[in-house]
Amino acid sequence: MHPRDQRAQLRALDETYVQARQGFRPTVELGASATYNNDDDTRGIFGVTDGETNSGTIGLTLSQPVYNGGRTVNAVSAAEADILAGREDLREIEASVLLSTIQTYVDVVRDVESLRIRSENVNVLRRQLEESRARF
-7 MHPRDQRAQL RALDETYVQA RQGFRPTVEL GASATYNNDD DTRGIFGVTD
43 GETNSGTIGL TLSQPVYNGG RTVNAVSAAE ADILAGREDL REIEASVLLS
93 TIQTYVDVVR DVESLRIRSE NVNVLRRQLE ESRARF
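Numbering of the sequence shown is given in my numbering, commencing with residue -7 and proceeding in unit increments.
Have a look at this one:
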């Protein structure tokens, strides 16, 4: 996994902490309803009446959890543990990328030096060949 992907996953894990803390916050519910009836020419006790009625209700509920069996506390602890584990995973991936980069650099330096030594050996062998031909 690329460190950029791991960082994105860590940001997502950070959001689980915020979601877990929702259990400590109050909730608000709002509800409304309205009715309208129109019965023309309704006869009542006092004669003809207009049968038009309107009614409406509005409800607001605010609730604050006091105790929920430790679910919120445990959810927050689990989110914190997940975040810490995600951070360690990110450190591990970053260290792996750094080690791979260093290893590649050292391999290149080693190979360049090996090439230089072999080129020098070829030059030495050519001189020895020329000397051998000259003596022959």
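The C-beta atom is built at its ideal place from N, Cα and C for all residues, glycine as well. Because the structure is a prediction, the values reported are computed rather than measured.
{"Check": "Within the same chain, show all residues whose beta-carbon is closer than 7 angstroms to that of P18, passing over the 5 residues directly before and after it, in chain order.", "Outcome": "L54, S55 and Q56"}
{"Check": "Compute the beta-carbon to beta-carbon distance between L82 and Q(-2), rounded to the nearest angstrom, for a pair I have assumed lies under 8 angstroms.", "Outcome": "5 angstroms"}
{"Check": "With DSSP as the reference, please indicate the residues paired to L54 in a beta bridge.", "Outcome": "V20"}
{"Check": "Kindly give me the distance between the Cβ atoms of T134 and S25, rounded to whole angstroms, as I take these residues to be in contact under 8 angstroms.", "Outcome": "Given a span of -7 to 128 for the chain in the structure shown, any question on residue 134 remains unanswerable."}
{"Check": "What is the C-beta distance between A12 and V68, in whole angstroms, given that I count them as a contact (C-beta under 8 angstroms)?", "Outcome": "5 angstroms"}
{"Check": "Indicate the three-state DSSP secondary structure (helix, strand or coil) for N30 in the structure shown.", "Outcome": "strand"}
{"Check": "Across which residues does DSSP place N113 in a beta bridge pair?", "Outcome": "Per DSSP, none; premise fails for N113."}
{"Check": "Provide the residue(s) that pair with T45 in DSSP beta bridges, ordered along the chain.", "Outcome": "N29"}
{"Check": "Looking at C-alpha atoms only, which residue of N60, G51, D103 and T27 is the closest neighbour of E44?", "Outcome": "T27"}
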